[in-house]
Every structure is written in structure tokens, then in C-alpha cells.
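Asks: Using the UniProt record's numbering, read the sequence shown as starting at 1 and increasing by one per residue. This is the structure, below, for whatever I ask next.
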Amino acid sequence: MTTHRATPDAAPTGTDRSFLFVLASSRSDGNTEILARTAAAQLPADVPQHWVDLSRLPLPDFQDGRHESDGWTPGEHEEELRQATLRATDVVLASPLYWYTLSAQAKRYLDYWSGWLTVPGSDFEQRMAGRTLWGVTVMADRDEVRADGLVTTLRHTAAYLRMHFGGVLLGNGSRPGQVRNDDRAMVRAKDFFQQPAPLARMPVENGPAQS
Numbered sequence: 001m002t003t004h005r006a007t008p009d010a011a012p013t014g015t016d017r018s019f020l021f022v023l024a025s026s027r028s029d030g031n032t033e034i035l036a037r038t039a040a041a042q043l044p045a046d047v048p049q050h051w052v053d054l055s056r057l058p059l060p061d062f063q064d065g066r067h068e069s070d071g072w073t074p075g076e077h078e079e080e081l082r083q084a085t086l087r088a089t090d091v092v093l094a095s096p097l098y099w100y101t102l103s104a105q106a107k108r109y110l111d112y113w114s115g116w117l118t119v120p121g122s123d124f125e126q127r128m129a130g131r132t133l134w135g136v137t138v139m140a141d142r143d144e145v146r147a148d149g150l151v152t153t154l155r156h157t158a159a160y161l162r163m164h165f166g167g168v169l170l171g172n173g174s175r176p177g178q179v180r181n182d183d184r185a186m187v188r189a190k191d192f193f194q195q196p197a198p199l200a201r202m203p204v205e206n207g208p209a210q211s
């Protein structure tokens, strides 16, 4: 049985915040990055921002070594990413919608979280509790329900680690720069990171449905 430490009811606010933006697209300066940077520009100037582009910080496919006897030796890029993740109070995963879910780069990043959780002596789970996970995605389809799989993945990830979940900023676009024409997404971006981020919970934790 996993024992979780007490989790703060409220996420950090104001100057206590520090943002990590993880760009997980195979295209530089794509629509998802444009939308993420539009939202980030609304943050106060004294709130630190650190940006990581996974296409420029290549990671090999994750190898599950939980039951191997050899010790864990992280690669240079992996350790850089792990430390950046742990330094942030707010982690923003910016991934285009690919086949109704996260990009391969984004999924690989979360796969590495599994490894960081299971390293002997790791405190990754304890340190991530109480922080906030956000998502940004742009898709070609105008029907936002198409992104439900991506949203569910991030919400459940946050819930497993007792993190807060700020939701996913959704935009529409396919051609380079097209998201700038999505007025609804541009308006949402203005106060996206100011909205409340409740503690994420799995569906079974929310209690029975009321009729």
C-alpha cells in the first residue's frame, strides 16, 4: 500500500510559483507552442519560467528497470529534465493532439516519471504532491470533446501524485500559426494560469454519483 503525505488544499500562488513549460511537439514554433507562450506571457514578471523543448532534449525510449539488480544511472538529459521537473511548482505539458491523446514526446516524458517514482530511495512522489499540472493542446478538429483522452490522461496523472490539476487550454489550428485565428483560445489564454486548480482526484474518490 502506498502512503501519501498530507497534500496542501491550495496550490502555490503569487511569487511562490515557478513554472516549467515542457514543449512536446515534433514541430518547432507550432500552434501548441504559440498558445502556451501566449498564456505564459500573462504571468507576472517575477514568476520564474523555464522552458524545455523535448525535441532538443532527446530521451531514449523509457526502459522499465524496476526489477533489475543494477542501480539507476540517469543519462544527462534525463537528469536535467528530472531536476527541472522537481524545481517547478507548476508543470505545463504542451502537446499537440495526436490520435486523440498526447504526442509521443509527451508520453515518453510521463513514462520517465514512472522510473523516477520507482528508483530506490526516490522522493519524487512526495515532492510532486501539492504541485500543479497543466496542459496546453491545439488540434485540427473544432469539436473539443476529441481531446477528452488527453485531458483524462493528465487529470489521472495529477490525481495519482496528489497534485492539483489546472485543466487543459484548448485551441484549434492545423497550418503553422493558425491558432492565432482562434479567438476563443486567445481569450482563454489571458487568464488560464490564474484560474483555480483544485486537487485532482480519481473518479472513485469523488463519491457516488447523485441522481
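Cβ coordinates follow ideal geometry from the N, Cα and C atoms, glycine included. If you're wondering where the values come from, they're calculated on a predicted model, not measured in any experiment.
Going by DSSP, which residues form a beta bridge with Met139?
Replies: In the sequence shown, residue 139 corresponds to position 139, counting from 1. Looking at the DSSP assignment, Met139 forms a beta bridge with Asn172.
Asks: Which of helix, strand or coil does DSSP assign to Ala40?
Replies: As a working mapping, residue 40 is identified with position 40 in the sequence shown. Reduced to three states, the DSSP call for Ala40 is helix.
Asks: Apart from the five residues on each side of it in sequence, which residues of its chain come closer than 7 Å, Cβ to Cβ, to Pro58?
Replies: Position 58 of the sequence shown holds residue 58. Around Pro58: His77.
Asks: Just the Cα atoms here: how many angstroms apart are Asn181 and Val92?
Replies: One-based indexing of the sequence shown puts residue 181 at position 181. One-based indexing of the sequence shown puts residue 92 at position 92. Whole-angstrom Cα-Cα distance: 23 Å.
Asks: Between Ala11, Pro198, Ala158 and Val22, which has its C-alpha nearest Arg108's C-alpha?
Replies: Reading the sequence shown from its first residue, position 108 is the one you call residue 108. The candidate whose alpha carbon is nearest that of Arg108 is Val22.
Asks: Pull up the distance between the alpha-carbon of Gly75 and that of Ala147, whole angstroms please.
Replies: Numbered from 1 along the sequence shown, position 75 holds the residue referred to as residue 75. Numbered from 1 along the sequence shown, position 147 holds the residue referred to as residue 147. Straight-line Cα distance between these residues: approximately 32 Å.
Asks: If you pair each beta-carbon of the stretch 48 to 58 with each one of the stretch 15 to 33, do three or more pairs fall below 8 Å?
Replies: Touching, yes.
Asks: Can we count Arg155 as close to the ligand GTP, meaning its CB is less than 7 Å from some heavy atom?
Replies: Ligands in the displayed structure: none, and consequently the ligand GTP is not present.
Asks: Considering only residues of the same chain and omitting the five flanking positions on each side of Gly135, which have a CB-CB separation below 6 Å?
Replies: Translated into positions along the sequence shown, residue 135 becomes position 135. Same-chain partners within the cutoff: Leu93, Leu154 and Val168.
Asks: Under 8 Å between the Cβ atoms of Thr89 and Arg131?
Replies: On the sequence shown, position 89 is the one that residue 89 refers to. On the sequence shown, position 131 is the one that residue 131 refers to. Taking 8 Å as the Cβ cut-off, Thr89 and Arg131 qualify as a contacting pair.
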